Structures are given as C-alpha cells and as structure tokens.
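When we follow full-length UniProt numbering, the leftmost residue of the sequence shown carries the number 1, and every step to the right adds one.
Idealized CB from N, CA, C, for every residue including glycine.
All of these numbers come straight from a predicted model, not from anything done at the bench.
Working notes, beginning with the structure itself.
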Amino acid sequence: KDPPDKLFTVHGLWPSDSNGHDPVNCSKSTVDAQKLGNLTTQLEIIWPNVYNRTDHISFWDKQWNKHGTCGHPTIMNDIHYFQTVIKMYITQKQNVSKILSRAKIEPEGKPRKQVDIVNAIRKGTNDKEPKLKCQKNNQVTELVEVTLCSNRNLTGFINCPRHIPNGSRYSCPTKNILY
1 KDPPDKLFTV HGLWPSDSNG HDPVNCSKST VDAQKLGNLT TQLEIIWPNV
51 YNRTDHISFW DKQWNKHGTC GHPTIMNDIH YFQTVIKMYI TQKQNVSKIL
101 SRAKIEPEGK PRKQVDIVNA IRKGTNDKEP KLKCQKNNQV TELVEVTLCS
151 NRNLTGFINC PRHIPNGSRY SCPTKNILY
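Here you go:
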C-alpha cells in the first residue's frame with residue numbers, strides 16, 4: 001500500500017547486536033498519544049502506518065514496544081525514541097528517497113541494477129553498506145525496503161552486518177529491480 005509517489009518512509013528504529021540480530025519486546029509500556037504532541041505531524045509524514053493511514057498511534061506503539069524498549073540506555077523513553085527517529089531521518093540525512101534522488105534514481109518504475117542502488121546509498125551514507133529488501137509481484141521484482149545501520153550512539157552510519165540471503169523471498173537480484 002505504497003503512497004503514489006513511492007517515497008521511502010521509516011519502518012522502524014531497531015536496536016541490533018553487532019551480528020545484526022534484533023532483540024524484541026524487552027519491556028512493555030504504552031505510547032501516550034498526548035505526550036507525542038507536535039511530534040505527531042512529523043511522524044505521520046516520515047513514519048506512517050502504510051496499512052492503515054487512519055491509525056498511526058497503534059503502529060508506533062507496536063514499534064516502540066517491540067524494538068524501542070530494547071534501545072536502553074541509548075534510547076531513554078518513548079518520546080526520546082520518536083525524537084531520535086525524526087532527528088535521524090531529517091538531520092542525519094537518512095531519507096532514502098532523497099539519497100536515491102541525488103543519484104538521479106527516481107521512483108519511475110524502471111528496472112535498476114542492484115549495484116547502482118547500493119552505490120547511490122553508499123554515496124549518501126559515508127560509503128556504508130545498506131541492506132536491501134525486494135519483493136516479487138507478478139514476475140516483477142520491486143525494491144520495497146532499504147535498511148540503513150547506525151552506530152551504538154546513533155551518531156553515524158555503519159555497514160549493515162546482516163544481509164538478506166540469496167534465495168530468500170526478499171533477496172534482490174543483481175539487475176531488473178523496479179524502482
């Protein structure tokens with residue numbers, strides 16, 4: 001259920017260990033929509049619930065509980081988690097759509113080579129390796145997700161430690177990736 005302009009949005013901020021494994025459900029707490037205040041407007045743009053555009057809060061709550069609670073001590077609480085996502089997306093240039101656009105790779109539904117996509121992203125992330133996720137729909141493979149990895153302090157990019165294995169239903173071919 002992509003937006004018509006095929007912009008990449010945030011899927012989540014997921015703490016991982018050095019091998020790329022994501023801990024989940026480290027503690028339980030509920031996001032208070034009232035406390036989000038003016039963050040809500042920015043989050044709705046950069047981190048929408050693409051399955052239900054009328055209910056972003058439950059999606060953010062799920063992401064906070066499943067992943068954000070595992071970010072302590074770097075992530076202090078739910079509000080800090082959401083502020084960090086906004087900061088990383090806007091200030092630290094983790095907007096994948098803009099990174100690709102700077103390399104003249106626009107969402108035109110054209111076939112692309114994996115190396116061109118990866119090189120464009122590396123250029124925008126201080127030469128760090130992203131993780132790509134593709135999905136096959138009716139014999140056509142589309143780029144559906146790009147993971148950018150950050151250091152423990154969330155201040156810089158690192159090479160993503162674990163890639164989607166070849167043969168997985170989400171692996172990307174070397175060419176003919178639609179974007």
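Residue from the options whose Cα sits closest to the Cα of residue i
i, options, result
"residue 141", "9, 110, 150, 57", "110"
"residue 139", "108, 173, 152", "173"
"residue 107", "97, 114, 113, 115", "97"
"residue 116", "48, 178, 26", "178"
"residue 104", "64, 47, 124", "124"
Those residues which DSSP pairs with residue i across a bridge
i, result
"residue 131", "147"
"residue 53", "Answer is none; residue 53 lacks a bridge partner."
"residue 157", "150"
"residue 137", "140"
"residue 111", "178"
Length of the line joining the Cα atoms of residue i and residue j
i, j, result
"residue 39", "residue 77", "14 Å"
"residue 19", "residue 158", "12 Å"
"residue 73", "residue 79", "14 Å"
"residue 132", "residue 50", "19 Å"
"residue 28", "residue 60", "13 Å"
"residue 152", "residue 75", "10 Å"
Contacting residues, own chain, Cβ-Cβ under 6 Å from residue i (five flanking each side not counted)
i, result
"residue 15", "70, 71"
"residue 94", "88, 148"
"residue 126", "157"
Nearest-angstrom beta carbon gap, residue j and residue i [assumed within contact, 8 Å]
i, j, result
"residue 85", "residue 13", "5 Å"
"residue 120", "residue 143", "The pair is not a contact, with the Cβ atoms about 11 Å apart (cut-off 8 Å)."
"residue 122", "residue 128", "6 Å"
8 Å Cβ shell around residue i - same chain, five flanking residues per side excluded
i, result
"residue 24", "66, 67, 70"
"residue 44", "56"
"residue 160", "20, 128, 129, 130, 131, 147, 148, 149"
Own chain residues within Cβ distance below 7 Å of residue i, not counting five before or after
i, result
"residue 146", "8, 96, 121, 130, 132"
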